[in-house]
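Just so you know, we're using this note's numbering here: the sequence shown kicks off at 1 and counts up by one.
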Amino acid sequence: MQKLSKLSKNKKKYTPFLLLQMITCGIFCLWAVMGSLPTGWVYDIGAGEGKEQGQWPDNTVDLLERQEDAKDCFRSQEAVTLKGGALVECPLMRLRDVEWQGEHTARAKRVRRTVFISEYQLLSNPDAWWRKLVRIFVTGGTYNRYFLMELPDKSYLCTYFDDYLLLRNSLRREDVYPVGYMRRSTPQERQMLEGMAEKYGVNADYVLDMYRHGKMSGNTDLLLRFAVAFLGTCAICLLLDRLKSCLKAQK
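See the structure below:
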C-alpha cells in the first residue's frame, strides 16, 4: 500500500502544465542548438562594404542580370551581386564549417563511438514536409541550402549564401545579397543542378558563391547556440510560470 501511494504521488508531480513546459523547452533547445536559429548575422557584424566575397556590395560591384554572363564572370573573376528574384530551393545543403567534415570519435561510458559528418546533404524531394522539419530542428544549425535565383531575364542561376539572409530580406523592402564570385560547380553540385536543368534551364557548370567561408567556427557557433538555448529556456519557464499564476488568480 505504501509503494502504491508513493507511485501515485510521483504521477501527480507530472501535471499537464509541467509536461507542456518540458515539451516547449525541449523543442526550443532542439531548434536553438541543432536547428535553424539564425546566428550567421553575428559573424557578419563588421564585415563592411567592399568587393570581398561575403561583404556587402559597394558602388563598384556589378549587378548580374543574365545567366549567359556567368561564364564571363567566371573567367574575369569579377565581384558581382544580385538584386534578388524568385527563389527555388534546391535539394542540396553544404556544411557552413567544412572543417567538421569527416569522422569524429568520442568515448561515452567506455564505449567508443564514431560519427561521420558529410560535407553535403543530398535530399531527394525538396517539397517533402519531413524535409522542412529536419532542416528546422536538426540540420539547419550546421548546413546552408542552395537556391536557384531568378534573374531579370527570367533565367535561373544557382546561388549559395548564408541562410539567415532569407529572414533578413523578409524584414526589408528590398532584397540585398552580399558580394559573390562565380566558380565551377563541384561534382555534388553538378549532379544536383543537372537534375533541375530540364525544368529550370539552369547552367550546371557554375555557382555564384556569396558565402564568406571561414567567417565562423562550428565549435564556437555551437557554444553560442547552447548559451541561447539556456537563456531561452529560462525565459520560457518564467513566462509559463507567470501564465500559470495569472490563470490561478482568475479562478
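Ideal placement from N, C-alpha and C gives every residue a C-beta, glycine not left out.
As the structure is a computational prediction, the values presented were derived from the model and not from experiment.
C-alpha gap between residue i and residue j, whole angstroms
i    : j    : result
Y200 : R145 : 18 Å
N169 : R135 : 19 Å
N59  : Y160 : 22 Å
R308 : S76  : With the chain represented from 1 up to 251, any question about residue 308 goes unanswered, as that position is not in the structure.
L7   : D241 : Caution applies to L7, whose pLDDT of 48 falls short of 50 and renders its modelled position unreliable; the model cannot decide the point.
M216 : D69  : 31 Å
V176 : G84  : 7 Å
Y194 : V42  : Residue 194 is actually Glu in this sequence, not Tyr. Using only the alpha carbons, I get a separation of about 34 Å.
L157 : W56  : 20 Å
K248 : I236 : 18 Å
Q101 : L92  : 16 Å
E65  : V202 : 14 Å
L151 : V88  : 12 Å
P38  : V228 : 11 Å
T114 : V138 : 19 Å
A86  : M149 : 6 Å
Paired residues, beta bridge with residue i - DSSP
i    : result
C158 : L148
G50  : P57
L30  : Paired residues: none, contrary to the question.
D62  : V80
L122 : L92
Buried versus exposed, by CB contacts within 10 Å (16 or more), residue i
i    : result
D260 : With the chain covering 1 to 251 only, the question about residue 260 has no answer from this structure.
T81  : buried
F147 : buried
S36  : buried
Q67  : buried
G54  : buried
D221 : buried
S155 : buried
C234 : exposed
D153 : exposed
For residue i, three-class secondary structure by DSSP
i    : result
H176 : Per the sequence shown, residue 176 should be read as Val rather than His. If DSSP states are grouped into helix, strand and coil, V176 belongs with coil.
Y143 : strand
Q55  : coil
I117 : strand
L37  : coil
L133 : helix
L247 : helix
I23  : helix
A229 : helix
A235 : helix
L166 : helix
Runs of 4 residues minimum, wholly inside the stretch 68-109: which ones carry the alpha helix (DSSP H) assignment? 70-76
Would you mind listing the beta strand (DSSP E) stretches within the stretch 177-221 that are 3+ residues and don't spill past its ends, in chain order? 181-184, 206-209
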